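Number of protein chains: 2
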Amino acid sequence: MSEAALLDQLIQALRCLPGVGPKTAQRMAFHLLERDREGGRRLSETLLAAIQRVGHCEQCRNFSETPLCTLCASPRRDRALLCVVESPADVSAIEQSADYRGLYFVLMGRMSPLDGIRPEDIGIDRLAERLDRGEVQEVILATGTTVEGEATAHYIAQIAHRRNLRATRIAHGVPLGGELGYVDGGTLSHAIAARREL
Amino acid sequence: MSEAALLDQLIQALRCLPGVGPKTAQRMAFHLLERDREGGRRLSETLLAAIQRVGHCEQCRNFSETPLCTLCASPRRDRALLCVVESPADVSAIEQSADYRGLYFVLMGRMSPLDGIRPEDIGIDRLAERLDRGEVQEVILATGTTVEGEATAHYIAQIAHRRNLRATRIAHGVPLGGELGYVDGGTLSHAIAARREL
């Protein structure tokens, strides 16, 4: 059975990718072998290099090949602003769209007592140390709107307040250009409750 | 920008997988780096090994690590039956479900004059040579029901008939347990036109 084995191993290995079941894995394996061996070779090499060399920035915990990531090392970013997010994907999203010029802190998760995820598991001790250094003046909380995300935001806000720093939460409400009829009820209730004076 | 580069390269490389766009590629890259480096390492190694070592069986054209694939080499298969399919995925499907005990011939495509795919591009010359050897007694045509698949089936049937071999087409119709209300019109018309005497 050695000839079937390697192909089966590849199909099995592809299933470590999120959202990839047996049928998709088979389709991917056949596609790579039949039509794109060059792309497959590049993927194999890049994946191994990334796994070996991409670690975490020692300051913001985002992915980085160097001890300090490009954002943290950049002299053009505003060190007084610190945006706290749950994941590297959130940093990408903000960097791609917004004109935010401050720095980030990536929790790599959110506090969740039920799952046994404590503040120190998401680096809040390191965040507190960073706030102690006195550079940061405002902590912008951009964690998710789940119960855990909100709890994490409030926990960090308390840490900031204890050091007499501003803690702000990003605005949640109806998206720009969003039609009210297509916005979910929870968002709409929040948008009305959090209305602002004009 | 070297620290962002490797992660961006990985996201880019993942897009060679079928059905993976920029968002999915980013999710996959973050997942591998954050949660499953072991799986990613295994994927990288298996992918490279498969690309280097998996070729095609010289007899049936299916994927194989050896010159002759396990199915073609097996003494337990019936050499008088030859099932012609379009892709390795079709072989997997038949092997997983049916109790077919014959051999296969994998076209790795179908004839398509409009796309410039000629009979020799899908190995029909090699198939004809194999039929000449006299082992095969029946050619079972299991190509798709597209115009190209049907044309390919008829072309191969002619080759078989010229050698006085049986050529059969797999049955198409309402799937077992399928409710008529949920079957598409084309299948239903075919099922009625191809009805059999009881």
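Sequences listed follow chains A and B, in order. So in the working numbering, the last one in the first sequence is 225, and the numbering has no gaps at all. So in the working numbering, the last one in the second sequence is 225, and the numbering has no gaps at all. Glycine included, every Cβ here is placed at the ideal spot set by N, Cα and C. All figures in this text were calculated on a predicted structure; none of them were measured in a lab.
- At a cut-off of 7 Å between C-beta atoms, residue 68(B) counts as an interface residue with respect to chain A.
- In the DSSP annotation of this structure, the continuous segment of the beta strand (DSSP E) that includes residue 195(A) starts and ends at 193-196.
- The shortest C-alpha to C-alpha distance from residue 117(B) to any of 90(B), 97(B), 150(B) is the one to 90(B).
- Under the 7 Å criterion on CB atoms, residue 153(B) is classed as non-interfacial with respect to chain A.
- Take the alpha-carbon of residue 76(B) and the one of residue 32(A): they are about 11 Å apart.
- Note that the segment 147-167 of chain A touches the segment 109-126 of chain A; at least 3 beta-carbon pairs, one per stretch, sit closer than 8 Å.
- Segment contact: the segment 65-76 of chain A against the segment 30-49 of chain B, three or more CB-CB distances shorter than 8 Å; contact assigned.
- Classified as exposed, residue 222(B) has fewer than 16 neighbouring CB atoms from the shown chains inside 10 Å of its CB.
- Residue contact check for residue 77(A) against chain B: a CB pair falls below 7 Å.
- The alpha carbon of residue 61(B) has as its nearest neighbour, out of 60(A), 67(A), 83(A), 51(A), the alpha carbon of 83(A).
- In terms of Cα proximity to residue 203(B), the closest of 193(B), 214(B), 194(B), 150(B) is 214(B).
- Check the Cα spacing between residue 104(B) and each of 94(B), 125(B), 123(B), 130(B): the tightest is with 130(B).
- Residue pairing by DSSP places residue 130(A) opposite 109(A) in a beta bridge.
- The three-state secondary structure of residue 92(A), taken from DSSP, is coil.
- If you look at residue 165(A), you'll find it in the beta strand (DSSP E) that goes 165-168.
- The beta carbon of residue 53(B) sits closer than 7 Å to the beta carbons of 38 from its chain, once the five residues preceding and following it are set aside; these are given in chain order.
- A distance of 7 Å or more separates the beta carbons of residue 145(B) and residue 176(B).
- The closest CA to that of residue 182(B), considering only 143(B), 152(B), 210(B), is found on 152(B).
- The secondary-structure analysis by DSSP pairs residue 83(B) across a beta bridge with 90(B).
- A Cβ-Cβ distance of about 6 Å is found for the pair residue 187(A) and residue 158(A), placing them in contact under the 8 Å criterion.
- Selection 172(B), 179(B), 212(B), 171(B) evaluated against residue 154(B) yields 179(B) as nearest (Cα-Cα).
- With a threshold of 7 Å between beta carbons, residue 34(A) makes contact with chain B.
- For the segment 115-130 of chain B, the residues whose beta carbon sits under 8 Å from a beta carbon of chain A are, in order, 115, 116, 119.
- Note on geometry: alpha-carbon atoms of residue 196(B) and residue 81(B) lie some 30 Å from one another.
- Not a single CB atom of chain A sits nearer than 7 Å to the CB of residue 138(B).
- Spanning the alpha carbons of residue 95(A) and residue 124(B) requires a straight line of approximately 54 Å.
- Just so you know, the alpha carbons of residue 139(A) and residue 174(A) end up roughly 9 Å apart.
- Beta bridge pairing from DSSP links residue 119(A) with no other residue.
- At least one beta carbon of chain B lies nearer than 7 Å to the beta carbon of residue 57(A).
- Contact check for residue 113(B) and residue 208(B): beta-carbon distance about 30 Å, past the 8 Å limit, so the pair fails to qualify.
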